[in-house]
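The opening position of the sequence shown corresponds to residue 0 in numbering that gives the first Met the number 0, with each subsequent residue numbered one higher.
Glycine residues also receive a C-beta, built at the ideal position from the N, C-alpha and C atoms.
Okay, structure first, notes after.
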Amino acid sequence: MRRGVGEAVLALLLGLAPAARADVYAYRDRHGNLYYTNVPAEAGRLVFKERPIPAAAPMLVPRRWLPELLSRPLPRADATVYDGLIREIAARYGVEYALVKAVIKAESDFDRKAVSRKGALGLMQLMPQTAAFHQVRDVFLPRDNIEGGCRHLRMLLDRYGGNLPLVIAAYNAGTQRVEDAGGVPPITETREYLARVLRYRAAYLGAAGSVVLAAGR
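What follows is the structure, given as structure tokens:
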């Protein structure tokens, strides 16, 4: 991979390049059928407007190991069962849809009943104390779990000025480890998790225009 191309791809994955937008419009045809599209139409109405993540703070991620992790094969990431909920709740908290979906894919592979060996629960694998902090009533209810996860991501985005690597690392390892390390902690699990989430995010950003029912004109 040429240096210029490689840097551009890395910038996109880290959120340093402008993100693809996924505004969604709804309209009905003359037969009363409802359609969704990413193309504005005169008779349509905007039902979802994706808000961009703030510009990232200066990178604190060692690039000597991240490109290698990003180049690893990525499993299929095409589940769409919770897309409506993700878009709705992410928009409410001003969190990027692709980021939320990527975290869910990496955390639970869309299994709403997932329980980790460490006690993390549900779609976004919320630890009990995190769920309690964000007032999540039922961690196994998709809406409640995604709500708590989006609140937590919003808090981390504000804390780290939109720096995606730090946000994702803190979601996995906790803010204390990130701040003690002055960046992404030198923990193999956290580094691999960071790379996995960034690759899923890039995949979902790339697919943003194809998840709607009506093709762009």
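Handout entry: Where A21 falls, given that 16 or more other Cβ within 10 Å makes a residue buried
Key = With a pLDDT of 46 at A21, under the threshold of 50, the modelled position of that residue is not reliable, and the figure given next carries that caveat. Counting Cβ neighbours within 10 Å, A21 comes out buried, since at least 16 surround it.
Practice task
Label H30 either buried or exposed according to how many other C-beta atoms from any shown protein chain fall within 10 Å of its C-beta, with 16 as the threshold for buried.
Solution key: exposed
Exercise for the section: Could you tell me whether the Cβ atoms of E146 and V135 are closer together than 8 angstroms? Expected result: yes
Practice task
Confirm, please, whether the CB-CB distance from G148 to M123 is below 8 angstroms.
Solution key: yes
Handout entry: Sequence-distant residues of its chain with Cβ nearer than 6 angstroms to E106 (five each side left out)
Key = M123 and Q124
Practice task
Kindly give me the distance between the Cβ atoms of Y170 and V102, rounded to whole angstroms, as I take these residues to be in contact under 8 angstroms.
Solution key: That pair is a contact at about 7 angstroms.
Exercise for the section: In the DSSP assignment, find the unbroken alpha helix (DSSP H) run with P164 in it and report its ends. Expected result: Unbroken alpha helix (DSSP H) run through P164: L163 to A172.
Practice task
State buried or exposed for T187, treating a residue as buried only when at least 16 other CB atoms are found within 10 Å of its CB.
Solution key: exposed
Exercise for the section: Spatial neighbours of R150 within its chain, please: CB distance less than 8 angstroms, with the 5 preceding and 5 following residues excluded, ordered by chain position. Expected result: Y92 and H133
Exercise for the section: Identify, in the order they occur along the chain, each residue of the same chain with its Cβ nearer than 8 angstroms to the Cβ of Y203, setting aside the five sequence neighbours on each side. Expected result: A76, Y96, A97, K100 and A101
Handout entry: Buried or exposed by the 16-neighbour rule on C-beta atoms within 10 Å, applied to A201
Key = Buried is the call here.
Problem - C-alpha gap between D179 and L165, whole angstroms - result: Taking the straight line from one Cα to the other gives about 12 angstroms.
Practice task
From the DSSP output, in three-state form, read off L120 for me.
Solution key: strand
Exercise for the section: Note down, in chain order, each residue of its chain lying with its Cβ closer than 7 angstroms to the Cβ of G118, except the 5 sequence neighbours on either side. Expected result: M126 and P127
Exercise for the section: Compare the Cα-Cα distances from G181 to each of R116, D143, N162 and E191 and report the closest residue. Expected result: N162
Practice task
May I ask you to report which of helix, strand or coil DSSP gives L197?
Solution key: helix
Exercise for the section: Go through its chain and collect everything with a Cβ distance to P141's Cβ below 7 angstroms, but skip five positions before and after it. Expected result: Y81, L84, R111 and L122
Problem - Burial state of T79, where buried means 16 or more other Cβ atoms lie within 10 Å - result: Exposed is the call here.
Exercise for the section: Compare the Cα-Cα distances from Y199 to each of D108, A89 and V94 and report the closest residue. Expected result: The residue with the shortest Cα to Cα distance from Y199 is D108.
Practice task
Helix, strand or coil for L204, going by three-state DSSP, please let me know.
Solution key: helix
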